[in-house]
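Protein chains: 2
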Amino acid sequence: MSAWLDEVRWNGDGLIPAIAQEAATGQILMVAWMNREALELTAQEGHAVYWSRSRKRLWRKGEESGHRQKVLEIRLDCDEDVILLKVEQIGGIACHTGRHHCFFRVLRGDRWETVEPVLKSPESIYTA
Amino acid sequence: MSAWLDEVRWNGDGLIPAIAQEAATGQILMVAWMNREALELTAQEGHAVYWSRSRKRLWRKGEESGHRQKVLEIRLDCDEDVILLKVEQIGGIACHTGRHHCFFRVLRGDRWETVEPVLKSPESIYTA
Numbered sequence: 001m002s003a004w005l006d007e008v009r010w011n012g013d014g015l016i017p018a019i020a021q022e023a024a025t026g027q028i029l030m031v032a033w034m035n036r037e038a039l040e041l042t043a044q045e046g047h048a049v050y051w052s053r054s055r056k057r058l059w060r061k062g063e064e065s066g067h068r069q070k071v072l073e074i075r076l077d078c079d080e081d082v083i084l085l086k087v088e089q090i091g092g093i094a095c096h097t098g099r100h101h102c103f104f105r106v107l108r109g110d111r112w113e114t115v116e117p118v119l120k121s122p123e124s125i126y127t128a
Numbered sequence: 001m002s003a004w005l006d007e008v009r010w011n012g013d014g015l016i017p018a019i020a021q022e023a024a025t026g027q028i029l030m031v032a033w034m035n036r037e038a039l040e041l042t043a044q045e046g047h048a049v050y051w052s053r054s055r056k057r058l059w060r061k062g063e064e065s066g067h068r069q070k071v072l073e074i075r076l077d078c079d080e081d082v083i084l085l086k087v088e089q090i091g092g093i094a095c096h097t098g099r100h101h102c103f104f105r106v107l108r109g110d111r112w113e114t115v116e117p118v119l120k121s122p123e124s125i126y127t128a
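Chains D and B, in that order, are what the protein sequence lines are.
Position 53 of the first sequence, counting from 1, maps to 53 under full-length UniProt numbering, and the rest follow consecutively.
Position 84 of the second sequence, counting from 1, maps to 84 under full-length UniProt numbering, and the rest follow consecutively.
Have a look at this one:
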């Protein structure tokens, strides 16, 4: 039943990085971590479940913000050590900074420039 | 000069994961690791340079296969712990298995199914 989970090469902490990619646009929304249970729940529930390294607990993406990720496809790479999720981002905001996605800084010359707008303030996301 | 490198949150091994995304298609080609020197060289040379954890040395992507990655953009995420490269994949093959990209397995039911063809055999890539 869970042989597919055994094929994943978990790191020393029992985790694997997971990339969430917006299915409709191809944009990379964010990268987070999963443990075995998070990946299994993601497959069962059809919405992204990660492992929060800072809070040391399962984290159903959007559980506070409402910005859940509906999972359309789960992929594994050649080394079995990275997961790729194709998702639909509910609310259009994946990043805790209130931006559409987390990769909002671009290297220009010798500095990182922020090139994506805040769509909703973090305060209003997390106190709603 | 290298203040931008100091803003990167290197992990305990001095590394950061880097996602290579094909600029033209949005496809995620692969994920590899960079140390500080690899990221600096990537920015300087305009082609992807990674850190090989298995060989414990810098690895200019394509140095053996010819499948270099021309880097069009370098991005950093909100937590400063993931790099995103927008690239042009020379030769159209990013994966060492001879496939266009590394995420060629999809979860269908309870097993990983390979859904992408081998474009060129690894033998012919690495002995050419």
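Note that the Cβ used here is the ideal one computed from N, Cα and C, for glycine as well.
Asked: Thr-25 of chain B to Gly-14 of chain D span [Cα, whole Å]; Found: 32 Å
Asked: Proximity to Trp-112 of chain D [Cα-Cα], best of B:Gly-91, B:Glu-73, B:Met-30, B:Ser-124; Found: B:Glu-73
Asked: Entirely enclosed beta strand (DSSP E) segments - the stretch 50 to 126 of chain D, minimum 3 residues; Found: 57 to 60, 69 to 76, 83 to 89, 105 to 108, 111 to 114
Asked: Cross-chain neighbours of Glu-7 of chain D in chain B, by beta carbon under 7 Å; Found: Trp-112
Asked: Beta carbon proximity, Arg-55 of chain B to chain D, threshold 8 Å; Found: no
Asked: Glu-22 of chain B, DSSP secondary structure in three states; Found: strand
Asked: Sequence-distant residues of the same chain with beta carbon closer than 8 Å to Val-31 of chain D, five excluded per side; Found: Pro-17, Ala-18, Ile-19, Ala-20, Cys-102
Asked: Sequence-distant residues of its chain with Cβ nearer than 7 Å to Tyr-126 of chain D (five each side left out); Found: Glu-64, Ser-65
Asked: Span of the beta strand (DSSP E) around Trp-4 of chain B; Found: Careful: Trp-4 of chain B lies outside any beta strand (DSSP E), inside the alpha helix (DSSP H) at 3 to 6.
Asked: Chain D contact for Pro-17 of chain B (CB, 8 Å cutoff); Found: yes
Asked: Closest by C-alpha distance to Glu-80 of chain D, when choosing among D:Gln-27, D:Arg-9, D:Trp-33; Found: D:Arg-9
Asked: Beta-ladder partner(s) of Ala-32 of chain D, from DSSP; Found: D:Ala-18
Asked: Three or more C-beta pairs below 8 Å linking the stretch 89 to 105 of chain D and the stretch 74 to 94 of chain B; Found: yes
Asked: With 16 other Cβ atoms within 10 Å as the buried cut-off, status of Ala-94 of chain B; Found: buried
Asked: Minimum Cβ-Cβ distance from Ala-20 of chain D to chain B less than 8 Å; Found: no
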